[in-house]
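S.K.: I have a structure I would like to understand better, so I am pasting it below and will then ask my questions one at a time.
There are 2 protein chains.
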Amino acid sequence: MRKPTLKDVAEAAGVHSATVSRALDPGKRHEVHPDTARRVLKAAESLGYRPNPIARSLKTARSNTVGLLVPDLCNPLFPPIVRGADEVLFDRGYSALIASTDNDAAREQRLVDSLVGRQVDGLIVATAQREHPLLSRLHDEQVKMVLINRRVENLDVPAIIPDDAAGIGLAVAHLAGLGHVRIAHLAGPQDTSTGVARARAFRHAVRDAGLDDDPALVVECEYFQEASGAKALRELLDQRVPFTAVVAGNDLLAMGCYDVFAERDVDCPGEISVVGFNDIPFLDKLRPPMTTVRIPHRDLGAEAARMLLGCIDEPARRAGSVLLPVELVVRGSTAPVPD
Amino acid sequence: MRKPTLKDVAEAAGVHSATVSRALDPGKRHEVHPDTARRVLKAAESLGYRPNPIARSLKTARSNTVGLLVPDLCNPLFPPIVRGADEVLFDRGYSALIASTDNDAAREQRLVDSLVGRQVDGLIVATAQREHPLLSRLHDEQVKMVLINRRVENLDVPAIIPDDAAGIGLAVAHLAGLGHVRIAHLAGPQDTSTGVARARAFRHAVRDAGLDDDPALVVECEYFQEASGAKALRELLDQRVPFTAVVAGNDLLAMGCYDVFAERDVDCPGEISVVGFNDIPFLDKLRPPMTTVRIPHRDLGAEAARMLLGCIDEPARRAGSVLLPVELVVRGSTAPVPD
DNA sequence: GTGAAAGCGCTAACAT
DNA sequence: ATGTTAGCGCTTTCAC
Chain X
1 MRKPTLKDVA EAAGVHSATV SRALDPGKRH EVHPDTARRV LKAAESLGYR PNPIARSLKT
61 ARSNTVGLLV PDLCNPLFPP IVRGADEVLF DRGYSALIAS TDNDAAREQR LVDSLVGRQV
121 DGLIVATAQR EHPLLSRLHD EQVKMVLINR RVENLDVPAI IPDDAAGIGL AVAHLAGLGH
181 VRIAHLAGPQ DTSTGVARAR AFRHAVRDAG LDDDPALVVE CEYFQEASGA KALRELLDQR
241 VPFTAVVAGN DLLAMGCYDV FAERDVDCPG EISVVGFNDI PFLDKLRPPM TTVRIPHRDL
301 GAEAARMLLG CIDEPARRAG SVLLPVELVV RGSTAPVPD
Chain L
1001 MRKPTLKDVA EAAGVHSATV SRALDPGKRH EVHPDTARRV LKAAESLGYR PNPIARSLKT
1061 ARSNTVGLLV PDLCNPLFPP IVRGADEVLF DRGYSALIAS TDNDAAREQR LVDSLVGRQV
1121 DGLIVATAQR EHPLLSRLHD EQVKMVLINR RVENLDVPAI IPDDAAGIGL AVAHLAGLGH
1181 VRIAHLAGPQ DTSTGVARAR AFRHAVRDAG LDDDPALVVE CEYFQEASGA KALRELLDQR
1241 VPFTAVVAGN DLLAMGCYDV FAERDVDCPG EISVVGFNDI PFLDKLRPPM TTVRIPHRDL
1301 GAEAARMLLG CIDEPARRAG SVLLPVELVV RGSTAPVPD
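Chains X and L, in that order, are what the protein sequence lines are.
Under my numbering, the first residue of the first sequence is numbered 1, with each subsequent residue one higher.
Under my numbering, the first residue of the second sequence is numbered 1001, with each subsequent residue one higher.
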């Protein structure tokens, strides 16, 4: 026995399929007589009727699906964000199609083509670069989207981002409070908004705290990845500028520092303190457990989803960006400055 | 200007839409005259035609979508599996809908309902329990699926799983080689096939190696999670049966041991060696870096996807299960038995 | 309040 | 080799 359709329900209830459609739509239920509605509901129930979303989509031109673009799902930063988004989406009858771009523009292009081809109703994008031709084009083509974590410069698209400046401020203040005066910054890639925002915030915070504002203490990392962090720290160490603490652009960069510490037998936090950013899972299991700035991963995802759904439902709405609060999580990688 | 449809292309090319449909389908291109095909392709190209998969799905009753059920996407074991699956699926024109069940049967039920409601063509399931009524029911309802990592007892569904027995054998042999004689096992939940397979393999391996086969050395953990591992190890320690090494049912259980080591000031690997299972990311960053059994995460996902697509394309095919090879990754959490 | 009819964009018999 | 026709399951005018 094949799956029952609207028509089957209509026959069972002795009404026309259009009536069933109305009775089954909570937003239109009031257009039918209560008794009819009851009859229809019962018939649907007893047949085990399940609406076919594909047929509905074809008619309504809405797929109830959104695309979610991340650099790499295996980067532990993203699963919680995805789950936060998915939860909201699911509750509203949407599904997410997740795509990992691997920071590869060509791949990203292909994935976006596929998503748009699948008629997604919108995009949540966590891969933004400051200059991002693809996203600019999508925006021109009226594709609904919201950025998450990072944004694109001069592109008027809503973004949900952590309060980078506040987070860096917290990190620097914490270190300053421990007596550190010469603090280095492993800056994230400067083609990302987070990379520059955190670097700028770092310089401001250092200056505000009256610490040494030495340009030699800021070094840029090519990627937000361990190897880049390790490389940057080695450079810093090799050029022999003194420093007793590092604020890393994110946790992965900070983990790269751990590698160098092991390699060069540096004691952390005895000789050098380190602070990460994001608070990805398992940081508490590292040796030493890493002090970091926690961002509200799930909220980022959830807010982005809410925002996107808002834009879809209400195309006129001009949504602004949202800054989510962060907090400092002090663990074992920071200690008073050695004398 | 709205999106071009098949009909628009047909008009532009001066043929009927059915011809366009054929010309555009590589599998049917030979049914049309090469010249016509060329003309159609050019028209489609110049109009920027993109087929509408929703309309196609409505007609063909295939959504080109599969559901992927995992316990929790935030568990680092799963993202690589998901990516492995997604890659294969994407190449074949499919998309994955990912759902995290949180080991909650009711939630799993809701998610599956949603996936089936969305007309997925099949399911890849990484959440199997040995007794799994929901999956049994789905199987009865002819829902195509393949299990991954774990299986259901007495359910004839293809499964892609790591060679648990070989992995445990490798772990035990490694420890035996280091001189350990009293080895404990933190067994995974016995309602999962992996939990029992590894526990059984452990007992066999211990016996084969001529080591102490003491039942008191095997303790069951309620969940495959750190807290359960920690709890189990504490019990073991408290009952004062001597042992110098632990083979954990998975990496998370082993990480739970690390917590207890810190708590009770036990030296690992000086006093107790530990081996994990799975080789989730960042194990090399722990202190000590964890020795573990590496399973081919991505291959698991990729094979599962291939298998599922095979079952979808060829419904008659009776697919068997696949056992994927594992390898031991020796790091710093194992050392010669203390004298 | 309910029914009739059209049509979303595509594919698959069937006919020519 | 190509066109005709019908219809996938639903929503939405428009009548009544």
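Heads up, the beta-carbon is just placed ideally off N, CA and C, and yes, glycines get one too.
Keep in mind the model is a prediction, meaning the values are calculated, not measured.
Kindly give me the distance between the Cβ atoms of residue 1040 (chain L) and residue 1066 (chain L), rounded to whole angstroms, as I take these residues to be in contact under 8 Å.
M.R.: Between residue 1066 (chain L) and residue 1040 (chain L) the Cβ distance is about 31 Å, and since that is not below 8 Å, they are no contact.
S.K.: Nearest by alpha-carbon distance to residue 1125 (chain L): which of L:1093, L:1092, L:1160, L:1118 is it?
M.R.: Nearest C-alpha to residue 1125 (chain L): L:1160.
S.K.: Quick check: residue 1219 (chain L) and residue 1236 (chain L), are their CB atoms within less than 8 Å of each other?
M.R.: Cβ atoms of residue 1219 (chain L) and residue 1236 (chain L): closer than 8 Å.
S.K.: With a threshold of 7 Å on Cβ separation, who are the neighbours of residue 304 (chain X) within its own chain once the five nearest residues in sequence on each side are excluded?
M.R.: Correct list, in chain order: 85, 124, 146, 148, 160.
S.K.: Residues of chain X with CB closer than 9 Å to the CB of residue 1117 (chain L), please, in chain order.
M.R.: Near residue 1117 (chain L) (Cβ distances below 9 Å), the residues of chain X are 50, 51, 52, 53.
S.K.: Counting pairs of Cβ atoms below 8 Å between the region 15 to 35 of chain X and the region 1025 to 1037 of chain L, do you hit three or more?
M.R.: The region 15 to 35 of chain X, when compared against the region 1025 to 1037 of chain L, does not touch it at the 8 Å Cβ threshold.
S.K.: Which residues in chain L have a C-beta closer than 9 Å to the C-beta of residue 58 (chain X)? List them in chain order.
M.R.: Here the neighbours are 1052, 1054, 1055, 1057, 1058.
S.K.: What first and last residue would you give for the beta strand (DSSP E) that runs through residue 162 (chain X)?
M.R.: First-last of the beta strand (DSSP E) with residue 162 (chain X): 159 to 162.
S.K.: Could you check the C-alpha separation between residue 1334 (chain L) and residue 280 (chain X) for me, to the nearest Å?
M.R.: Distance between the alpha carbons of residue 1334 (chain L) and residue 280 (chain X) is about 27 Å.
S.K.: Which residue marks the beginning of the beta strand (DSSP E) containing residue 232 (chain X), and which one marks its end?
M.R.: Premise fails: residue 232 (chain X) lies in the alpha helix (DSSP H), 226 to 238, not in any beta strand (DSSP E).
S.K.: Do residue 1233 (chain L) and residue 1268 (chain L) have their C-beta atoms within less than 8 Å of each other?
M.R.: Not in contact: residue 1233 (chain L) and residue 1268 (chain L) (Cβ atoms no closer than 8 Å).
S.K.: Of all the residues that make up the region 1079 to 1096 of chain L, which are near chain X by a beta-carbon distance shorter than 8 Å?
M.R.: So the close ones are 1079, 1080, 1082, 1083, 1086, 1090, 1095, 1096.
S.K.: Relative to the C-alpha of residue 36 (chain X), which candidate in X:18, X:95, X:230, X:50 has its C-alpha closest?
M.R.: The candidate whose alpha carbon is nearest that of residue 36 (chain X) is X:18.
S.K.: Could you check whether the Cβ of residue 1258 (chain L) sits closer than 8 Å to any Cβ belonging to chain X?
M.R.: Closer than 8 Å: yes.
S.K.: For residue 1122 (chain L), which beta-bridge partners are listed by DSSP?
M.R.: BP columns for residue 1122 (chain L) point to L:1066.
S.K.: Which residue wins for smallest C-alpha separation from residue 1294 (chain L), given the options L:1314, L:1251, L:1306, L:1302?
M.R.: Of the candidates L:1314, L:1251, L:1306, L:1302, the one whose C-alpha sits nearest the C-alpha of residue 1294 (chain L) is L:1251.
S.K.: Along chain L, which residues have their Cβ under 9 Å away from the Cβ of residue 342 (chain X)?
M.R.: Nothing about residue 342 (chain X) can be reported from this structure: the residues present for chain X run from 1 to 339 only.
S.K.: Does the separation of the CB atoms of residue 52 (chain X) and residue 94 (chain X) fall below 8 Å?
M.R.: No, these two residues do not count as a Cβ contact at 8 Å.
S.K.: What first and last residue would you give for the beta strand (DSSP E) that runs through residue 1276 (chain L)?
M.R.: Its beta strand (DSSP E) spans residues 1273 to 1278.
S.K.: Comparing alpha-carbon positions, which option in L:1283, L:1288, L:1318 lies nearest residue 1270 (chain L)?
M.R.: Of L:1283, L:1288, L:1318, the residue nearest in Cα terms is L:1288.
S.K.: Helix or strand or just coil, what does DSSP make of residue 248 (chain X)?
M.R.: Residue state, collapsed to three classes: strand.
S.K.: Could you spell out where the alpha helix (DSSP H) holding residue 1138 (chain L) opens and where it closes?
M.R.: Residue 1138 (chain L) -> alpha helix (DSSP H) spans 1133 to 1140.
S.K.: Just list the beta strand (DSSP E) runs in the region 19 to 88 of chain X, keeping only unbroken ones of 3 residues or longer that don't cross its boundaries, in chain order.
M.R.: List check, beta strand (DSSP E) in window: 65 to 70.
S.K.: Using a 10 Å radius around the Cβ and a threshold of 16 neighbouring Cβ atoms, would you call residue 225 (chain X) buried or exposed?
M.R.: It counts as buried.
S.K.: Quick one: which chain X residues come within Cβ less than 8 Å of residue 1006 (chain L)?
M.R.: The premise fails here: residue 1006 (chain L) is roughly 13 Å from chain X at the closest Cβ pair, so nothing lies under 8 Å.
S.K.: Can you grab the Cα-Cα spacing for the pair residue 1031 (chain L) / residue 1157 (chain L), in whole Å?
M.R.: When rounded, the distance between both Cα atoms is 38 Å.
S.K.: Pull up the DSSP beta-bridge partners for residue 1218 (chain L), would you.
M.R.: Per DSSP, L:1185.
S.K.: Let's test the definition: count the other Cβ atoms within 10 Å of the Cβ of residue 1164 (chain L) and tell me whether it reaches 16, buried, or not, exposed.
M.R.: Per the 10 Å Cβ criterion, buried.
S.K.: My output table needs one value for residue 293 (chain X): the three-state DSSP class, helix, strand or coil.
M.R.: Correct three-state label for residue 293 (chain X): strand.
S.K.: Cα separation between residue 143 (chain X) and residue 122 (chain X)?
M.R.: The alpha-carbon atoms of residue 143 (chain X) and residue 122 (chain X) are separated by roughly 6 Å.
S.K.: Under 8 Å, with one C-beta from each stretch per pair, do the region 1326 to 1333 of chain L and the region 1167 to 1174 of chain L reach the 3-pair mark?
M.R.: Contact between the region 1326 to 1333 of chain L and the region 1167 to 1174 of chain L is present, because at least three Cβ pairs lie under 8 Å.
S.K.: State the start and end residues of the unbroken beta strand (DSSP E) segment that holds residue 111 (chain X).
M.R.: Premise fails: residue 111 (chain X) lies in the alpha helix (DSSP H), 105 to 117, not in any beta strand (DSSP E).
S.K.: Interface residues of chain X around residue 1217 (chain L) at Cβ under 7 Å?
M.R.: None at all; the shortest Cβ gap to chain X is about 25 Å.
S.K.: CB-CB under 7 Å to residue 9 (chain X), same chain, minus the five flanking residues each way: which ones, in chain order?
M.R.: Answer for residue 9 (chain X): 20, 40, 43, 44, 47, 49, listed in chain order.
S.K.: For the region 1296 to 1309 of chain L, which residues have a beta carbon sitting closer than 7 Å to at least one beta carbon of chain X?
M.R.: Answer set for the region 1296 to 1309 of chain L: empty.
S.K.: For residue 1244 (chain L), count neighbouring C-beta atoms within 10 Å of its own C-beta (all shown protein chains included) and say buried if the count is 16 or more, exposed if not.
M.R.: By the neighbour-count rule (16 or more Cβ atoms within 10 Å), residue 1244 (chain L) is buried.
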